[in-house]
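The listed protein sequences correspond, in order, to chains A and B. For the first sequence, our numbering gives the first residue as 7, with consecutive numbering after it. For the second sequence, our numbering gives the first residue as 2, with consecutive numbering after it. Structure record follows, encoded as structure tokens.
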Amino acid sequence: MLQQNDSIHEPSFGYRVHVRVAWHQRSCVIAAILLALPIAAHAADDAQPNEPAEPSSNETSGLSIPGPLDPVVGESLCPLPDAIWQELVTLVPREHLISRLRGPGTKSAPIRVEDLGAMFRILVLDKVREYREEARDCAYRAKVAALFAALIIDPAALLEAGLCERPPCSAPPAPVPPVPAEIKTLPALPPRPLVRLEIGPTLIAGLGAEHLTAHWGGALRLTLGRGRVVPVLGVAALWPADTRVGGVRLRQWRLPVDLGVRATLWGPWIDFYGEIGVAFALLSERGLDLASPRSPTGLEAGGRVVLGARLARRAGLTPFVSLQAEFLPDPPSVSALPEGLAGRTPYVWMGACAGASWGI
Amino acid sequence: MKPNATSNRFLLAVSWLVLPSGCGQNLDVGSDILWTSRFEVGGNSFPEWTPVPFGFGSASPVPTPNEPNMPNTVEVSSEQGHHSNFAAKLTVSGTADNTAGIGASLVQNGGLPDEAYYSAWYYLPQSVSVGYYWVIMKFRFRSVPDDPNTAGELFDVNLTNPSSGVMSLRLYDHQTPPNQPQPKVSPKSVSVNAWFQLEAFYRAASDNTGQLTLWLDGEQILDLPGPTGPAGWVAWDVVSVGYNLTPEPAVLYVDDCAISRTRIGLNGLLSE
């Protein structure tokens, strides 16, 4: 069935098909059919309106493809356009090829091949496919390209041709099909996590007071939403720290809470983010060394900014680091008798946090 | 409404609600003041002072030949006040005929720490000529803390007249032998017709760790390290005990008395 009519002239590069299809070729047919059947079906659907109702007499009886252009063109050295054509005419009846490749609406060269080194690209009736074939087996490439073209041009003919020329046919070993180098539609990525929990140890130091105060503790942050800008809520539990305001020694304890928005710049490897929001903290101070100590609790309020980064993963655990700064325009004052006003708690709290970010 | 807009409005609302409450808070972390007497409450009962003989508000009405009814008195008066409405008014008639120990006294008799700062504000309405002595602050001790019979005099802070119309302070150390000079006090004048502060740091110790330091209006006028009284019992008196004072009676106002573990100073606060 795949034999060609000897009376039909081949294109200028001339090739008379009278070679039986080898088992290897049949194997390629199987593989190509499996790989390209969905594309071919789709291409056939696409090509349906362009298909002429009836071939012209010239096309059906002529010995060459009319028109100024070769049916297979391209600067490719591997495979050569001629080689593809030679393979193609063994797969699809010539009249079918002529009618499809020179049909009304067909633009310029219907088949184009490009040699891309370790890959090659075949374009048939506006359908394109790239194959990786690093061995540069040009004959093999030609077969693959011809199979792809045949499936685009006339898949039915290919199926009618059968996979066996002379029964009984033994099932040949399945060759490894070329690996498509380009997937035209990206695989669907999992959605970004709706909820992100971050937990880790944190160090927060108070600046602006006469005595540097550093608190160790743990921080927990929660973001909600999949967008680039999402709300964020954070809380930290800090160990008390001893400090001094004025001449008064103090044991200081803070419970910071913040609320803000986070904007994320997603990257291929690292996601960078920044936050801005309002920060509050319960602040408890206990006078040390005083004859009558007290432990008043006050409220800090101010603004908060954060810069952070985490490894880019859509879900699951990923490490993160962040730097934060809280600015308090009017921090609480500390007083004790007989000194009176001893000073103020820090105007600025700087901190760092590192830990695990869990996207859910 | 977009989620971001909702977030922003929510943040704004929270900010407006919470930010004002976090502004300007004052955290009172306690006090080093151990004791105060400001004479604003209690009237002439002097509830802050020790009710002992020759103690709180005690006066020694001593009739004199010329003025047999002239009393020595301690009373709360509204005539003067240091940043307040009332002060204690101590009135004494110290003539050459009177004897030592006559006067008006406010006493903290024991129950004090081995070391502390003692502060009192005084007001002299006029210059007084001191013929022999005029004690305004005292420290006493006990050799045996629980035995009142072992009490003894230690330091007396006196008003004196280095020259006419000028008043200053001197210290009398009862433990200094008579043949040795008394500790020298920097010659700083005491304000007349104005409030002045006398503050002392006293550490009771029988060894060289003992110390007495005096500040007049915040300026140190004496630093006397060395043995003081034995630890365990300290008495502090704010008094007006005079001998041969002219004119008579001599009036001294006292206010804002305090005992503290830290220096009070001129600007120290005794209450919130």
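The beta carbon of each residue, even a glycine, is placed where N, CA and C say it ideally should be.
The distance from the Cβ of N268/B to that of G253/A is about 13 angstroms, inconsistent with a contact at the 8 angstroms cut-off. At least one CB atom of chain B sits nearer than 8 angstroms to the CB of G304/A. DSSP, reduced to helix, strand and coil, places H217/A outside both helices and strands of the structure shown, so it counts as coil.
For Y146/A, the enclosing alpha helix (DSSP H) starts and ends at C144 to I159. Nearest C-alpha to G206/A among L244/A, A285/A and A151/A: L244/A. L83/A and R106/A have their C-alpha atoms spaced approximately 25 angstroms apart.
Under the 8 angstroms Cβ criterion, the stretch 121 to 139 of chain B counts as touching the stretch 159 to 171 of chain B, having at least three qualifying pairs. Within the stretch 72 to 143 of chain B, the complete beta strand (DSSP E) segments of 3 residues or longer fall at 74 to 78, 88 to 93, 104 to 110, 116 to 124 and 130 to 143, listed in chain order. Under DSSP, N159/B shares a beta bridge with V136/B and R171/B. Annotation for L107/A: the continuous alpha helix (DSSP H) segment containing it runs R100 to L107. Taking all protein chains in view, the Cβ of Q258/A is crowded by 16 or more other Cβ atoms within 10 Å, so the residue is classified as buried. Under the Cβ criterion of 8 angstroms, V108/B is not counted among the residues facing chain A. Taking a beta-carbon distance threshold of 8 angstroms, S363/A does not count as an interface residue toward chain B.
For S79/B, the CB contacts under 7 angstroms within the same chain, skipping 5 residues up- and downstream, are N86 and F87 in chain order. Closer than 7 angstroms at the C-beta level to chain B, one finds these residues of the stretch 286 to 312 of chain A: F286, E291, R292, G293, L296, A297, S298, P299, R300, P302, G304, L305, E306 and A307. A342/A reaches chain B at D29, V30, G31, S32 and D33, counting residues in chain order whose Cβ is nearer than 8 angstroms. When DSSP reads this structure, N27/B sits in a beta bridge with S339/A. The beta carbons of D238/B and M138/B sit closer together than 8 angstroms. When C-alpha distances from I222/B are compared across P228/B, A236/B and V191/B, the shortest belongs to V191/B.
In this structure, DSSP gives L271/B a state outside helix and strand, which the three-state scheme calls coil. Per DSSP, the unbroken beta strand (DSSP E) holding D224/B starts and ends at E220 to P226. When C-beta atoms of the stretch 111 to 121 of chain B are compared with those of the stretch 191 to 210 of chain B, three or more pairs fall below 8 angstroms, so the two segments count as touching. DSSP links T324/A through a beta bridge to S363/A.
I34/B sits in a strand when the DSSP states are folded into three classes. A distance of 8 angstroms or more separates the beta carbons of V75/B and V242/B. L83/A sits in coil when the DSSP states are folded into three classes, being neither helix nor strand. Here G273/A really is in contact with A318/A; their C-beta atoms are around 6 angstroms apart, less than 8 angstroms. When the alpha-carbon of L294/A is set against those of R255/A, L305/A and V263/A, the nearest one is in R255/A. Under the Cβ distance rule, G357/A does not count among the residues neighbouring chain B, no pair being separated by less than 8 angstroms. Note that the C-beta distance between V119/A and V78/A is below 8 angstroms. Residue-level contact by beta carbon holds for D336/A and chain B, with a gap shorter than 8 angstroms. Using a CB distance below 8 angstroms, the part of the stretch 244 to 269 of chain A facing chain B consists of G253, V254, L256, L265, G266 and V267, ordered along the chain.
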